[in-house]
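Count along the sequence shown from 1, add 64, and you get the number used in my numbering. All C-beta atoms, glycine included, are put in the ideal place defined by N, C-alpha and C. To keep things clear, I will list the structure first and then write my remarks on it.
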Amino acid sequence: MTLYFLIENIALLYTTASNVGVIVSIAPFFTAVLANFFLDGEKLTRRFLIGFGIALSGILLIALNGSFVLQLNPVGDLLAFIAPAVWAIYSVLMRKIGQLCYHTIGATRKVFFYGLIFMLPALFLFEFHWELGRFTSMTNLSNVLYLGLGASALCFVSWNRAVNLLGAIQTSVYIYLVPVITVVSSALILQEQITWVIVLGAFLTLFGSYISERKGQKLNNKNTNPRRD
């Protein structure tokens with residue numbers, strides 16, 4: 065967790081948010097490759113790859129939104145590629161931990177505890193200022209509470225539970241939906257305009273995730289109801 069958050073946030077310093085958003089969305093592919101070798105019953109199939117390709121094309125359309133201007137930033141883009149690879153390792157490890165019958169909340173608590181411990185040395189490598197007085201602002205305090213309780217605690221407990229129930233590959237497929245949910249939320253909350261390019265991208269993303277997710281359902285059904293010879 066320490067590596068994932070550090071790498072992804074450092075990448076944002078060297079490349080665009082659009083590039084990071086698109087590159088990080090390939091996390092399901094990395095997860096599927098690792099799961100294929102290290103998890104029983106989770107194999108990489110052609111159906112998953114087809115769904116991945118369709119969903120990624122939709123994510124590209126959403127990120128570019130008709131501008132089609134490719135901005136390559138080698139350092140930032142390379143770090144953005146490493147981040148989903150680290151996330152894939154995390155997903156596979158959480159699947160392994162789940163198979164050992166550890167409680168989801170307990171396992172997540174330990175993951176974040178050690179993540180914070182290993183994050184402490186990074187405070188001395190970057191420009192970090194304590195300035196605790198900033199927490200007197202209700203805006204800053206509410207932002208931190210949301211990031212801690214919502215985007216971190218609830219999010220990761222839900223994710224780890226889903227990995228235990230569905231498997232690493234099928235759970236990772238839902239990462240495809242993040243750009244779609246972001247677009248819809250920005251339109252409803254920020255009144256941002258939705259173009260036909262975004263609509264097409266959202267459709268391709270949903271269609272691609274459906275193809276990959278259906279693969280996961282069939283695989284799980286096969287593993288749950290083995291045929292008796």
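Item, Value
"Which residue from Ile71, Gly117, Ile74 puts its Cα closest to that of Val237?", "Gly117"
"At what residue ranges does the stretch 178-215 contain a whole run of the alpha helix (DSSP H), taking only runs of 4 or more?", "202-209"
"Indicate whether Pro243 and Ile126 have their beta-carbon atoms separated by less than 8 Å.", "yes"
"Can you give, in chain order, each stretch of the beta strand (DSSP E) that sits fully within the stretch 217-253 and has at least 3 residues?", "none"
"Could you check whether the stretch 89-105 touches the stretch 199-206, counting it as contact only if at least three pairs of C-beta atoms, one from each stretch, sit closer than 8 Å?", "no"
"Extract the residue ranges of the beta strand (DSSP E) inside the stretch 88-144, only unbroken runs of 3 or more that lie entirely within it.", "none"
"Counting along the chain, where does the alpha helix (DSSP H) carrying Leu164 start and finish?", "Taken as a continuous stretch (DSSP letters only), Leu164 belongs to no alpha helix (DSSP H), as it is neither H nor E."
"Look up Thr172 in the DSSP assignment and say whether it is helix, strand or coil.", "helix"
"Pop quiz: Leu76 and Val86 are said to be a contact at Cβ under 8 Å. What is the actual Cβ separation, rounded to whole angstroms?", "About 13 Å; that fails the 8 Å criterion."
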